[in-house]
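The structure appears right after this line, and notes come after that.
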Amino acid sequence: MEHKNQRPDELIKKAPHAAILFAAMFALITFSVHAGKFQIAVFPDTQSEVCVGPGNTPTKLYAMAKWITNNMAASNIVFTVSVGDNVNWTTPDEYMWINASNAYRYFDLAGMPYALAIGNHDTHAVATNGGSARDPVNTRTLVRETPEFNAYFPVSRHPAQKGRFEAGKSDNAFYTFTAGGLNWMVMSLELWPRQVALDWAKTVIGSPAYANYNVIITTHSYLNSDGSVYQSGSYGELSPQAMYDQLVKQYANIRIVLCGHVDKSAWKTNTGVNGNRIYQILQDYQGENNGWVRFIEFDTTSNTIKGWMYSPYLNQGRSDGSGYTTANILFTNVNFVPGAAAPTVTGAPGSFTTNRTFSVTLDVDNDNGYWSTNGTSYTSFGTAGTTITIDRTLTLSFYGRDTNGRTSATNSVTYTFDTAAPTVTGAPNSFTTNAVFTVSLDVNENHGWYSTNGVTFYQFTTMATNILIDRTLTLSYYGRDVLGNTSATNSRTYTIDLPPVVSGAPSSCMTNRSFIIMLDVDKNHGYWSTNNSPFSQLSTAGVNMTVDRTTTLRYFGSNAAGVGTTNSRTYTFDTAAPVVTGALNDLSTNKVFSVALAVNENYGYVSLNGGAYVQFTSAGTNISITKTTTLSYFGRDALGNSSATNTRTYTVTIITGLENPSAVRGTDGFTFMNLPENTSGAVYSVSGRYVAPLSANTQGLFWDTQTVNGKRAAPGVYLCRLTSARDMKIVKVMVVR
């Protein structure tokens, strides 16, 4: 369809109203076919594609726009950017602007948001009949005159545009969209921008409201063909280098710079002052006129940016080999700015059970929250909060949503109302019995409480409790849960009429002493018997009985309730002392021998030569007799029964082991002990010369190391001759001075 010599306002008037409304509504839609992965399309300088002569169709430009709209859903293309030089120049009939406007109408109708940068060919700086300067003297002023651009692309065609430097003009404007789970801003800046325009851009990008937006800057002139930053502001104001220094590298949320103006593709990566990586990309194929489009794919899951060139008109891609630049770009480890979180709703306590009405006050940190109970319609509330009364069992659901459509997960909590008290079961009705029994109480939830005296209550759980009923009592019980729901207190009276209980008899035991048992009965009557004699009756006054011999006592209680169990106790009297055996009668011998003592019960005690008594058991003990010995012994049991002490004397007439030193020093003497009676002795030299006699003392035979003539014995070895009635031994002794 041709629109020769028609103004853009006429074109818009001729467009179907429904289509225009559809475009305005659809422009806010964010495509999310591939989670985390999306594309933007970049139009390089399209001045050749629109410059087809008046009345001719810009086939290549249309092919670019149509292909994008046809594939925007499948490829998740969410935004289109122009890097300027949208037309070659402004002709009197403005046909190139008409061509450009008609091409972008495909985007309007499909709901594709877009942003166009201003190139020098889009301004009055370029003549109407070619690429030369319109007025070389006033070029710096004319480069800011863009009436055709803003007439054919008014602000109304940009629903995604959120703000602009100058009212009614898109020369310097910013756009926002959401994709890949993140927030994005496209900042379109004029060619070689004025300082005031750049300062405006800084206030927008640096605003806290956009701190979590990934910023893409599009401007016409920025990189050279070799990838270096262009250093001149030419007939504008600020150079691209100044733009980089003042803006691009200063803000942590700037990610991409897109530009054109010079052939063909180049890219450059820098690190901003905040550590963020900045990816700067050049694309300009004005001399080829083949409808090239740069596609850039963002993958926010794997943190990559991938770029390539494609011509819908030619239906082919390309690969440039000029210098180190490349048309196919793959940037990895991109540090995207995280997206803003959806509003958070707070104030709802976790699910719980209660028996009381209460209120929940919900709050939302920004924009709006929404709440619903039991699946009803949602009600919205703002940051002032809302209060909800909970007076029954219900499920409260809530979420937050901001004006950009970011929605939090829906949270749900359930508040359960429970006013029923626990039920205690297991207690039989009141009754009378003559037997002890057990009541098993159970409770269906939380806790039960019981008492057997009406004062102290004991808690039990759903694991139940067993209560022994062994006397007449009243059992009281009730249930109470953690919410305080309490049942009525129930009572049961159990009357126990048991046979009388006889007490006072100690356990069976053994003794050697008389004692008294005081039998008692708790109610009439008790009965008792000793050694199978007839039973005698006793009352609650009790009875005393003397036990002075081995006795078996039997007793029981009996009344109308029944006859109690007969109990039996045996008290054994033991007055016999243990008997110690094994001791030989008195004797005289010239041999060493042993005496094996034994005791028939408990303990025996033995003493040698008047020494301390040593205890032995029924296992017995062996005593070695090596010298003349007096043996004394007796038995004693645990009751204290003791036998008479018996004594045996064993005379040993041989000389056995000698308990004396074998060497003496100085004037010390020594004694030969452990000798038979009437043993005599004398000291001789080793040559057999008589030295001195051994004199008797209380311990044995003594030598004071003196010779018979009163002199000290010289050092050396001496022979001591010991003689008894039946034996003789020679013992060597050394004297040391």
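Remember, my numbering sits 2 above the position in the sequence shown when you count from 1. Backbone N, C-alpha and C define an ideal beta-carbon position, used for all residues, glycine too. This one's a predicted model, so the numbers in the text were calculated from it and none came from an experiment.
N- and C-terminal bounds of the beta strand (DSSP E) containing residue 267: 266-273
| query | Under the three-state reduction of DSSP, which class applies to residue 288: helix, strand or coil? | reply | coil
Practice task
Quick one: residues in its chain with C-beta nearer than 8 Å to the C-beta of residue 129, no 5 flanking neighbours on either side, listed in chain order?
Solution key: Around residue 129: 91, 135, 136.
In this structure, how does DSSP classify residue 525 when only helix, strand and coil are distinguished? Reduced to three states, the DSSP call for residue 525 is coil.
Cβ pair count under 8 Å reaching 3, the region 536-544 against the region 596-609
No, because fewer than three Cβ pairs between the region 536-544 and the region 596-609 fall closer than 8 Å, the two stretches do not touch.
query = Who are the Cβ neighbours of residue 624 in its own chain at under 7 Å, not counting the five residues just before and after it?
reply = 596, 598
**Item:** Buried versus exposed call for residue 520 [16 or more other C-beta atoms within 10 Å across all chains shown]
**Value:** exposed
Neighbourhood of residue 89 by C-beta, 7 Å cutoff - its chain only, sequence neighbours within 5 removed = 49, 52, 98, 99, 102, 123, 124
- prompt: Relative to the C-alpha of residue 554, which residue among 237, 533, 189, 148 is closest?
  reply: Residue 533 is the option with its Cα nearest to residue 554.
Worksheet item: Taking contact to mean at least 3 C-beta pairs separated by less than 8 Å, is the region 361-370 in contact with the region 425-440?
Response: Because the criterion of three Cβ pairs below 8 Å is not met, the region 361-370 and the region 425-440 do not touch.
Residue 702 to residue 589 span [Cα, whole Å]: 22 Å
Self-check item: Distance between residue 279 and residue 254 (C-alpha atoms, nearest Å)
Solution: If you take the alpha carbons of residue 254 and residue 279, they lie about 9 Å apart.
### Query
With DSSP run on the structure shown, which of helix, strand or coil describes residue 70?
helix
Problem - Boundaries of the beta strand (DSSP E) in which residue 694 is found, first to last residue - result: Boundaries of the beta strand (DSSP E) around residue 694: 692-695.
Roughly how many angstroms lie between the CA atoms of residue 567 and residue 613, to the nearest whole one?
56 Å
field: Cβ-Cβ separation, residue 559 to residue 608 (assumed contact under 8 Å), whole Å
entry: Incorrect: roughly 52 Å between the Cβ atoms, too far for contact.
Checklist entry - Cβ of residue 489 within 8 Å of Cβ of residue 423? => result yes
How about the region 161-172 and the region 252-266: do they share at least three Cβ pairs that are nearer than 8 Å? no
Looking at the structure shown, is residue 701 part of a helix, part of a strand, or coil, going by DSSP? Of the three classes helix, strand and coil, the one that applies to residue 701 here is coil, per DSSP.
task: Let me know the beta strand (DSSP E) ranges lying completely inside the region 183-245, each 3 residues or longer, listed in chain order.
output: 184-190, 215-220
- Item | Range of the contiguous beta strand (DSSP E) that encloses residue 43 | 39-45
**Asked** For residue 470, is the classification buried or exposed, using 16 other Cβ atoms within 10 angstroms of its Cβ as the cut-off for buried?
**Response** exposed
(message) My output table needs one value for residue 141: the three-state DSSP class, helix, strand or coil.
(response) In this structure, DSSP gives residue 141 a helical state, which the three-state scheme calls helix.
Helix, strand or coil at residue 99 according to DSSP, with G and I counted as helix:
In this structure, residue 99 counts as helix in the three-state DSSP scheme.
Taking 8 Å as the threshold (C-beta atoms), are residue 116 and residue 151 in contact?
Not a contact, by the Cβ cut-off of 8 Å.
>> With H, G and I counted as helix, E and B as strand and the rest as coil, what does DSSP make of residue 500?
In response: Reduced to three states, the DSSP call for residue 500 is coil.
* Per DSSP, residue 90 is paired with what? -> Partner(s): none; residue 90 has no beta bridge.
Assuming residue 677 contacts residue 685 under a Cβ cut-off of 8 Å, what Cβ separation, rounded to an integer in Å, is found between them? 15 Å between Cβ atoms; not a contact.
Check your understanding: Which of the three DSSP states, helix, strand or coil, is assigned to residue 492?
Key -> strand
Is DSSP giving residue 449 helix, strand or coil here?
If DSSP states are grouped into helix, strand and coil, residue 449 belongs with the strands.
Which whole-angstrom value describes the C-beta separation of residue 611 and residue 628, a residue pair presumed to lie in contact below a C-beta threshold of 8 Å? Not confirmed; about 12 Å, so no contact.
Q. Rounded to a whole number of angstroms, what is the C-alpha to C-alpha distance between residue 26 and residue 107?
A. Bear in mind that the predicted position of residue 26 carries a pLDDT of just 32, short of 50, making it too unreliable to give a figure here.
task = Measure the CB-CB distance between residue 347 and residue 401 and report whether it falls below 8 Å.
result = Against a cut-off of 8 Å, the Cβ pair of residue 401 and residue 347 comes out as a contact.
query = Where does residue 301 sit, in a helix, a strand or coil, going by DSSP?
reply = strand
**Report entry** Residues that DSSP places opposite residue 261 in a beta bridge
**Finding:** 284
* Asked: With distances taken from CA atoms, which of 281, 474, 320, 293 is nearest residue 307?
  -> 281
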